[in-house]
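Q: What follows is a single structure, and I will ask about it in a moment.
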Amino acid sequence: TETVRLSGVGFGYADGPGVLRDINLILAAGSFHFLTGPSGAGKSTLLKVLTLAERPTAGRLTLFGEDAGEAPRSALPRFRSRMGVVFQDFRLLDHLSAFDNVALPLRLAGAKRDSYADNVVEMLDWVGLGERMDDRPPTLSGGEKQRLAIARAVVNRPDLILADEPTGSVDAAMGERLLKLFQSLNRLGTTVLIASHDETLAAASGASVLRLEGGRLSGGAA
Ligand code: ADP
Ligand code: ADP
Numbered sequence: 015t016e017t018v019r020l021s022g023v024g025f026g027y028a029d030g031p032g033v034l035r036d037i038n039l040i041l042a043a044g045s046f047h048f049l050t051g052p053s054g055a056g057k058s059t060l061l062k063v064l065t066l067a068e069r070p071t072a073g074r075l076t077l078f079g080e081d082a083g084e085a086p087r088s089a090l091p092r093f094r095s096r097m098g099v100v101f102q103d104f105r106l107l108d109h110l111s112a113f114d115n116v117a118l119p120l121r122l123a124g125a126k127r128d129s130y131a132d133n134v135v136e137m138l139d140w141v142g143l144g145e146r147m148d149d150r151p152p153t154l155s156g157g158e159k160q161r162l163a164i165a166r167a168v169v170n171r172p173d174l175i176l177a178d179e180p181t182g183s184v185d186a187a188m189g190e191r192l193l194k195l196f197q198s199l200n201r202l203g204t205t206v207l208i209a210s211h212d213e214t215l216a217a218a219s220g221a222s223v224l225r226l227e228g229g230r231l232s233g234g235a236a
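Read in order, the letters of the sequence shown are residues 15 to 236 in UniProt numbering.
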């Protein structure tokens with residue numbers, strides 16, 4: 015089965031030139047991919063199309079076996095509830111504790127604290143932030159914020175994880191540690207796509223490497 019299928023997908027911002035051109039991509043369920051390419055190649059834009067923050071201007075986008083490119087707005091939360099997104103700028107809430115940042119997706123889904131507290135603590139332990147759960151994001155280092163963002167993205171066990179430069183603000187050792195977190199999720203069956211300009215990390219990961227350049231995709235499962 016396929017988590018993602020793009021057939022002839024194109025995208026351009028408003029009056030600008032095409033950023034994505036004729037993208038054909040299949041992410042099989044349980045597969046692991048890096049998306050590389052130079053700055054400005056369209057990596058973030060492709061992630062925005064996959065998270066349905068932007069809609070394709072051409073072609074077909076299928077997520078979890080259902081048409082997503084032309085799905086009504088009312089259907090978007092249902093698609094998004096199956097994705098975990100790690101944003102390049104983290105998008106943590108500075109006035110909430112680390113615990114409450116991770117709990118947020120579960121609270122928004124209507125869960126009660128008693129039902130999710132153990133799960134949230136387990137996620138924080140998993141990313142090595144068990145001792146920091148009462149602290150707010152502004153007191154955390156770059157690598158800690160990154161790990162907090164990852165814990166929040168995965169706490170409701172998504173089928174698809176999309177991460178935009180998740181190793182962008184950490185050193186090489188932390189980059190490898192974060193890669194191991196994504197790999198362990200992938201071993202549990204989660205489909206993973208990591209956008210990164212770090213070609214060394216991508217090659218070292220053993221994952222399939224997709225390359226975006228001039229709005230076109232090459233390599234991997236395309
Ligand atoms: P990457 O993530 O590979 O660095 P982006 O997807 O961020 O690339 O950008 C691809 C192209 O789209 C760039 O030329 C960028 O300037 C342009 N772009 C990105 N976001 C917007 C936007 N909101 N409006 C107009 N152009 C944009
Ligand atoms: P990201 O999802 O990576 O944060 P952004 O949309 O913030 O992506 O920006 C990605 C790139 O697109 C940056 O180089 C930024 O300068 C450029 N960009 C963002 N918004 C616009 C815009 N309205 N017009 C042109 N370029 C833009």
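A virtual CB, placed ideally from N, CA and C, is assigned to each residue, including glycine.
1) I'd like to confirm something about Val33: is its beta-carbon nearer than 8 Å to some heavy atom of ligand 1, or not?
2) Can you tell which of Lys57, Gly26, Val63, Tyr27 has its C-alpha closest to the C-alpha of Arg19?
3) Expressed to the nearest angstrom, what Euclidean distance is found between the alpha-carbon atoms of Arg230 and Arg35?
4) Does DSSP put Ala235 in a helix, a strand or coil?
5) Taking 8 Å as the cut-off, is the C-beta of Thr71 nearer than that to any heavy atom in ligand 4?
6) I think Leu110 touches Arg166, with their Cβ atoms under 8 Å apart; what is that distance to the nearest whole Å?
7) In the DSSP assignment, find the unbroken alpha helix (DSSP H) run with Glu213 in it and report its ends.
8) By the three-class DSSP mapping on this structure, what secondary structure does Leu226 have?
9) Check Met188 in the structure and name its three-state DSSP category.
A: Looking at the coordinates:
1) yes
2) Val63
3) 6 Å
4) With a pLDDT of 45 at Ala235, under the threshold of 50, the modelled position of that residue is not reliable, and the figure given next carries that caveat. Note: Ala235 maps to coil in three-state DSSP.
5) Ligand 4 is not among the ligands present in this structure, which contains only ligand 1 and ligand 2.
6) Between Arg166 and Leu110 the Cβ distance is about 10 Å, and since that is not below 8 Å, they are no contact.
7) 213-219
8) strand
9) helix
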